[in-house]
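Quick note: the working numbering has the sequence shown finishing at residue 148, numbered continuously throughout. Every residue gets a Cβ at the ideal spot worked out from N, C-alpha and C, and that includes glycine. Worksheet: the structure to be examined is printed underneath.
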Amino acid sequence: MLGFPGEMSEISRVLLLHQFVVTFGLVGIIGYVVNIARADQTAKMLGWPGGPFQVKYGFSQVGLGVMGIMAIWFQGNFWVGVLVTMYIYGLSGLWSHTYVMIKNRKADGDSIGNLIMDVVYQAFITVLSILAGGIWVMS
């Protein structure tokens, strides 16, 4: 293939790095905007009370974004740290989406879709990390 790596491990590595940089990078930017710059509007839209926690959450999301972007230059064991952080972030999404669905007693398509994506995405990045090879190695 012209311009594309042919080995599954290299393809998986590129796709995983893309997830780190783009997905986490975007999470960081969006997290900043919605939780710090537009805190009141976001709280109102979610139907949750606003407060200083949003600023803290926004900065934690910026941290996730920076970590994802740093994966361009730092690989090896650093990628394990990024993956574990992504897993924890994914679990928080699974918990909060489940909580909202139970609280609202409403299992609509969006809620079910969020739950499925919370699980499927974690499986996807795990498979990529295994296929890429050399990531889950103790040094």
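Sequence-distant residues of its chain with Cβ nearer than 6 Å to residue i (five each side left out)
i	result
Ala52	Gly59
Ile55	Here residue 55 turns out to be Leu, not Ile, going by the sequence shown. For Leu55, where only same-chain residues beyond five positions count, there are no Cβ hits under 6 Å.
Burial state of residue i, where buried means 16 or more other Cβ atoms lie within 10 Å
i	result
Val31	exposed
His106	buried
Met21	At residue 21 the sequence reads Ser, which differs from the Met that was named. Counting Cβ neighbours within 10 Å, Ser21 comes out buried, since at least 16 surround it.
Met147	exposed
Gln50	exposed
Ala48	buried
Val43	buried
Met17	exposed
Neighbourhood of residue i by C-beta, 8 Å cutoff - its chain only, sequence neighbours within 5 removed
i	result
Val36	Gln70, Leu73, Gly74, Gly77 and Tyr98
Val109	Ser120
Proximity test, Cβ basis, 7 Å: residue i and chain C
i	result
Phe33	The question asks about chain C, but that chain is absent: this structure has only one protein chain.
Quick check: the region 129–144 against the region 84–97, are there 3 or more CB pairs under 8 Å?
-> yes
Please list the segments of the alpha helix (DSSP H) lying wholly inside the region 89–141, counting only runs of 4 or more residues, in order along the chain.
-> 118–141
Is the region 110–117 touching the region 60–76 in the sense that three or more CB pairs, one from each, lie closer than 8 Å?
-> Using a C-beta cut-off of 8 Å, the region 60–76 makes no contact with the region 110–117, since fewer than three inter-stretch Cβ pairs fall below that distance.
Could I get the ranges of all uninterrupted alpha helix (DSSP H) runs contained in the region 46–91, with 4 residues as the minimum, in chain order?
-> Those alpha helix (DSSP H) runs which fall completely within the region 46–91 and span 4+ residues are 48–55 and 62–79.
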